[in-house]
Amino acid sequence: MPSPKLSRRQILGGSGVVVLAGVAGALGVELNARRHPAQPDSAPVAETSSPAAPGKAATYQYSRQSGPDRTVVTDSNGNQVGVFTDGARSALLTGPSRTWTEPRTTTAVIQSDAWVRLMPSAWSEGAETSAWFRSWFPKILGSSDLDILGMAMQYEDKAPDLYDAQGVRYAGDASFGPVVPGQSEMSFHYHDEKSDFYDYLGTSWKFQDGVTMQPEKARYGDVDCSGYMRLVWGYRGGYPMHTSNTAGVGLPRRAFAIASYAPGVLLIPDTKSRPTDIGLLQPGDLVFFAINIGKPIEIDHCGMYLGPDTEGHPRFLSSRSQANGPTFGDLAGTGVLDGNGFYAAGLRVARRL
């Protein structure tokens, strides 16, 4: 099967990659600020940076594009600096360039100026004229305050432990799950799934639907693929979550349920086969896979699209059993979405939150 189409401009979400020197989270990248956990199911706190100097306010052009419907922002030089998709709370912005590496699992290097931020509410046409946007956008554009991608990297291999004021470790090198007795180390199921974000934290969690979940001691520091997305987007980012695998407020629990019922925009619907075109993807989009041997059409894995590596291959980040935690590497299959590798062949669905 030919590789899905993905132009250089589409792979970058429309913004050029700049060769850089900054690094984030556990991948040897040092950020200037660290975002602490959000309160349960709260809207994200607006992040700040220094505004433009007096008399030097930037001017921007706002244009509408379709497929999906969105507002694209360019600066006075015609450079794309933001993408806001109708129905989605995640915004793609241009910011300081960063480099990500993961030597234990891959030789791939990702260099990107893409930053993913959560807005207080879903975007709609004309929102650029609103008071909240006029205040928020000039401050956040170009800010190095921690974003969704930076948060996600704080759980990668050898990430340093970070603790909140109550002594809860909210970031640091995460594992996938306990070892399953009788399984080979080469088995796809060597490490057990079923570890949610509150297992990683080791604290109970009361969800917006009123259900309180207790962590399992044996799963402390563990998080499976969907739990990882809930850890980053929900616990850290403030995106609402619930406990069931049906429609509800915010993110459901399992990968197939997030693919089907999560809010936001469905970019690639589930046709039970690999999509032929992934050109709609931009960094921060959730990607879903059917990779369970013997059940080739059931969604059973999810992750987050990062953009292209320096070789031009589109990479994604997810918590994986054989890597024993969050990774964008190549253990148990090349971690790219083009070509005919394990994960590329298993790609089924994409969603923008």
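45 is the number that the working numbering gives to position 64 of the sequence shown; each next residue is one higher, with no gaps. Virtual Cβ for every residue (Gly too), placed ideally from N, Cα, C. As the structure is a prediction and not an experimental result, all values here were calculated from the model.
Asked	Found
Less than 8 Å between the beta carbons of residue 298 and residue 287, yes or no?	yes
Within 8 Å, do at least three Cβ pairs link the segment 133 to 152 to the segment 299 to 311?	yes
Could you check if residue 16 is buried or exposed, using at least 16 other CB atoms within 10 Å of its CB as the buried criterion?	In this prediction, residue 16 has a pLDDT of 43, which is less than 50 and means its spatial position is unreliable; what the coordinates show is noted afterwards. When all chains shown are included, residue 16 counts as buried.
Pair every Cβ in the segment 192 to 212 with every Cβ in the segment 140 to 149, then say whether three or more of these pairs are closer than 8 Å.	no
Express the C-alpha separation of residue 100 and residue 71 in angstroms, rounding to a whole number.	6 Å
Three-state secondary structure (DSSP) at residue 174?	coil
For a test of the three-state rule: what should DSSP assign to residue 101, helix, strand or coil?	coil
Cα separation between residue 66 and residue 52?	6 Å
Could you tell me if residue 176 is buried or exposed, where buried requires 16 or more neighbouring beta carbons within 10 angstroms of its beta carbon?	buried
Per DSSP, what kind of secondary structure is residue 268 in: helix, strand or coil?	strand
What is the DSSP secondary structure of residue 146, counted as helix, strand or coil?	coil
Per DSSP, what kind of secondary structure is residue 47 in: helix, strand or coil?	coil
So, using beta-carbon positions, are residue 213 and residue 221 closer together than 8 Å?	no
Can you grab the Cα-Cα spacing for the pair residue 95 / residue 250, in whole Å?	25 Å
With H, G and I counted as helix, E and B as strand and the rest as coil, what does DSSP make of residue 152?	strand
Based on the DSSP secondary-structure assignment, which residues constitute the bridge partners of residue 285?	267, 298
Please classify residue 240 as buried or exposed, where buried requires at least 16 other C-beta atoms within 10 Å of its C-beta.	buried
Quick one: measure Cβ to Cβ for residue 207 and residue 283, integer angstroms, because I've assumed they're closer than 8 Å.	6 Å
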